[in-house]
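Numbering (full-length UniProt numbering), first residue to last: 1 to 89.
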Amino acid sequence: MSSNGETPSEGGGSMVPLETGIGFPANERALSPEDAECCICISSYEDGAELHSLPCNHHFHSTCIVKWLKMNATCPLCKYNILKGNEQV
């Protein structure tokens with residue numbers, strides 16, 4: 001356990017609160033090794049990295065998804081429409 005009371009995750013990274021559009025922020029969680037990479041920049045999550053989770057539950061580096069969502073209103077993995085809440089566009 002770390003000094004701030006968090007349990008370190010094996011996959012690296014931690015989730016930070018992000019308004020999901022459905023009324024509550026995402027929670028902090030540990031990632032499995034197969035989910036420990038950002039599909040936008042194709043880099044592994046480092047321990048302590050700030051990650052954002054979309055309503056479809058896919059997660060990315062905070063800086064990567066913010067840049068992505070400025071150009072696209074969909075999840076890079078499943079094409080979930082962030083604005084309309086539809087599964088696909």
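Glycine included, each C-beta is placed from N, C-alpha and C at the ideal position.
Is the separation between the beta-carbon of residue i and that of residue j shorter than 8 Å?
i          : j          : result
residue 45 : residue 38 : yes
residue 51 : residue 59 : yes
residue 61 : residue 49 : yes
What does the alpha-carbon distance come out to for the pair residue i and residue j?
i          : j          : result
residue 65 : residue 84 : 17 Å
residue 47 : residue 67 : 21 Å
residue 43 : residue 81 : 24 Å
Could you have a look at residue i and say whether DSSP puts it in helix, strand or coil?
i          : result
residue 50 : strand
residue 32 : coil
residue 38 : strand
Below 8 Å on the Cβ atoms is my guess for residue i versus residue j; work out the distance and round it to an integer in Å.
i          : j          : result
residue 41 : residue 56 : The Cβ separation is near 19 Å, so there is no contact.
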